[in-house]
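Residue numbers (my numbering): 22 to 103.
See below:
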């Protein structure tokens with residue numbers, strides 16, 4: 022049980038790391054200066070983690086990567102819209 026707890030804590034912290042950036046971009050309605058390449062690579066990695074999470078049936082991996090993907094998609098939306 023404590024192993025899943027560590028997983029959820031790690032997932033919460035790494036996912037939460039994107040929240041300040043996403044909030045700032047949402048508030049300003051601008052992602053100027055944000056690297057599109059970095060966020061596309063990160064989104065690809067998160068997608069692969071999501072597949073892996075489903076393969077090993079790990080709730081922390083599945084949930085955190087869904088949330089992270091949504092944050093990344095929001096950042097990319099503001100970056101790519103002109």
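Virtual Cβ for every residue (Gly too), placed ideally from N, Cα, C.
- For residue 81, the CB contacts under 6 Å within the same chain, skipping 5 residues up- and downstream, are 28, 29, 32 in chain order.
- The C-beta distance from residue 96 to residue 43 rounds to 6 Å, short enough to meet the 8 Å contact threshold.
- Taking every protein chain shown into account, the CB of residue 60 has 16 or more other CB atoms within 10 angstroms, so this residue is buried.
- The residues 93, in chain order, have a CB closer than 7 Å to that of residue 63 in the same chain once the five nearest residues on each side in sequence are set aside.
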